[in-house]
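Data first, discussion second: the structure below is written as structure tokens.
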Amino acid sequence: MSSPAAPERPTEIVLEPMTATHLADVLALGGRVYDTTVKPYTSWSLSAIARHMDGEASACWVALAGDRLAGYVLGSMGFDQRSDWGNLEWIASAPEYQGQGIAGRLVKACCATLTEAGASAVVTDVESRNTASAALMRSNGFEASVSVTLFVRDTPR
Ligand SMILES: CC(C)(COP(=O)(O)OP(=O)(O)OC[C@H]1O[C@@H](n2cnc3c(N)ncnc32)[C@H](O)[C@@H]1OP(=O)(O)O)[C@@H](O)C(=O)NCCC(=O)NCCS
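Heads up: the sequence shown begins at 58 in my numbering, then just goes up one per residue.
Now the structure itself:
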């Protein structure tokens, strides 16, 4: 009689600095999780990714489950005119990997890199309806600060 197959162990999630080899997967995952037809996600693009990777003190990390991309974070030094602030701009976990603490690990890795690079603060913006992202940031030491509301005037036909 053959013995029952051992239950499959979940693949360990490993964090690594993002490199050019991850670009296509990062672009595709962002395309899955952001609604690029609505603000503020309309600027999701290869150049949005490249700007952080090329930026001073890149703080871009990927979370890998074997060779599958489970999540990523994109950050770099500088926020508008403040060169001493770090900017954590984009983060995502693949839907099938959400709720496992991956984004929390990515936020910590990104903030640690920016702090090491001399950031006096790390700034991120959260769309008002994105409760998951707000919870993620709050549980990692971010506090709500200034709010900016996008006012839109539709052009009458
Ligand atoms: C927001 C997002 C990155 C969270 O990823 P995740 O890997 O599931 O998050 P984690 O498992 O690391 O959870 C981190 C914290 O956020 C909380 N959280 C995550 N998703 C939540 C949800 N849907 N509702 C409430 N809280 C949530 C967790 O409870 C956890 O809190 P804790 O540390 O106090 O336990 C993920 O939902 C996502 O990719 N969303 C789509 C992309 C997006 O909106 N990105 C942000 C804008 S750039």
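Here a beta-carbon is modelled for each residue, glycine too, at the ideal position from N, C-alpha and C.
- In the three-state DSSP reduction, Ala174 falls in the coil class, being neither helix nor strand.
- Between Asn197 and Arg108, the alpha-carbon positions lie close to 24 angstroms from each other.
- In this structure, the beta-carbon distance from Glu113 to Gly132 does not fall below 8 angstroms.
- Within the same chain, Cβ atoms closer than 6 angstroms to the Cβ of Ala166 are found at Leu72, Trp118, the five residues on either side in sequence being excluded.
- Runs of the beta strand (DSSP E) lying entirely within the segment 107-155, each at least 3 residues long, are 118-122, 125-136, 139-150 in chain order.
- Per DSSP, Val183 is not a residue of any beta strand (DSSP E), being assigned neither H nor E.
- The continuous stretches of beta strand (DSSP E) do not include Leu84, which lies in the alpha helix (DSSP H) extending over residues 80-90.
- Nearest to Glu184 by C-alpha distance, out of Ala151, Phe136, Thr206, Asp211, is Thr206.
- Cβ neighbours of Met134 within its own chain (closer than 6 angstroms, five residues either side excluded): Glu113, Ala114, Gly143, Ala174.
- Val83 counts as buried, since no fewer than 16 other beta carbons sit within 10 angstroms of its beta carbon.
- Excluding sequence positions up to five before and after Ile159, its CB lies within less than 8 angstroms of the CB of Ile70, Ala120, Ala127, Gly128, Ser150, all in the same chain and listed in chain order.
- Out of Ser102, Ala77, Thr78, the CA that lies nearest to the CA of Arg89 is found in Ser102.
- Boundaries for Leu207: no beta strand (DSSP E) harbours it, and the DSSP string shows neither H nor E there.
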